[in-house]
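Okay, so here's the structure we're looking at.
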Amino acid sequence: MQRTFSIIKPDAVRKGQTAAVLAMMEAAGFRIVAIKKLSISKPQAAGFYAVHAQRPFFDSLTTFMSSGPAFVLVLEKENAIADLRKLMGATNPANAEEGTIRKKFAGSIEENTVHGSDAEETAAFEIGYFFAGYELV
Ligand code: GDP
Numbered sequence: 210m211q212r213t214f215s216i217i218k219p220d221a222v223r224k225g226q227t228a229a230v231l232a233m234m235e236a237a238g239f240r241i242v243a244i245k246k247l248s249i250s251k252p253q254a255a256g257f258y259a260v261h262a263q264r265p266f267f268d269s270l271t272t273f274m275s276s277g278p279a280f281v282l283v284l285e286k287e288n289a290i291a292d293l294r295k296l297m298g299a300t301n302p303a304n305a306e307e308g309t310i311r312k313k314f315a316g317s318i319e320e321n322t323v324h325g326s327d328a329e330e331t332a333a334f335e336i337g338y339f340f341a342g343y344e345l346v
C-alpha cells in the first residue's frame, strides 16, 4: 500500500465538482485516509509550491491556490502516486486523456482541478505539510 497527497483545488470547489472528483478517486480504488476543507493562505501556498518559486507563473499560481476553499486529502492504494497522476491527466487539460479528472473538469493549465504528489519524497513532504500523524486513519 502506498499513500499520496491530493488537493481538490479552489476552481473545482467553486464549481461544485468536489463530490464528482472524490467519486472518480474512489471508483479508481483509492481509499480516503484523511480529508479536510481549508482556505490555504498565500504564504502557505508559496511554501507548498516552493519548488516552483522561480517559475514565471508562481505568483499567479499562489494567488489562485489561495482564492477560495480547497480540500486537502491523503489517498491510499497500491501504486497510489503513479495511479493518481494517471487519473488526474496532463497538467494542461488540452493534453489530458479521455477519462481523466482534468479532461473532464479542468478549465486551464492553472485552474486544473486537482493536485497529486509526483514522487515518494514529495508525497511525504506534502502529507506532513497539511496533516498531523494522528489525522491519518
Ligand atoms: P502538476 O504536477 O501536473 O500539478 O504540474 P506542475 O507541478 O508542473 O505545476 C504545478 C501547478 O502549477 C499546476 O498544477 C498548475 O496549477 C500550475 N501551472 C503549471 N504550469 C503552468 C503554466 O505554464 N502556467 C500557469 N499559469 N500555471 C501553471
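The number in this note's numbering is simply the position in the sequence shown, starting from 1, with 209 added.
From the three backbone atoms N, C-alpha and C, an ideal C-beta is built for every residue, glycine too.
Three-state secondary structure assigned by DSSP to residue i
i: E287; result: coil
i: L345; result: coil
i: I249; result: coil
i: R264; result: coil
i: A299; result: coil
i: S276; result: coil
i: E319; result: coil
i: K224; result: coil
i: G337; result: helix
i: T309; result: coil
i: A237; result: coil
Distance CB(residue i)-CB(residue j) smaller than 7 Å
i: E285; j: V230; result: no
i: G308; j: S215; result: no
i: F314; j: Q226; result: yes
i: T213; j: I310; result: no
i: A332; j: L296; result: no
i: A254; j: T271; result: yes
Residues that DSSP places opposite residue i in a beta bridge
i: I216; result: V281, H324
i: A243; result: V283
i: Q211; result: K286
Residue i CB to nearest heavy atom of ligand 1 below 6 Å
i: T300; result: yes
i: N304; result: no
i: L270; result: yes
i: E319; result: yes
i: F266; result: yes
CB-CB length for residue i against residue j, believed under 8 Å
i: P278; j: P219; result: 7 Å
i: F273; j: E344; result: With a Cβ gap of about 25 Å, F273 and E344 do not count as contacting.
i: K246; j: S275; result: Not confirmed; about 14 Å, so no contact.
i: V164; j: A221; result: Residue 164 is absent from the structure shown; the chain starts at 210 and stops at 346.
i: G298; j: A305; result: 3 Å
Residue i CB to nearest heavy atom of ligand 2 below 6 Å
i: I310; result: Only ligand 1 can be found as ligands here, which leaves ligand 2 out of the picture.
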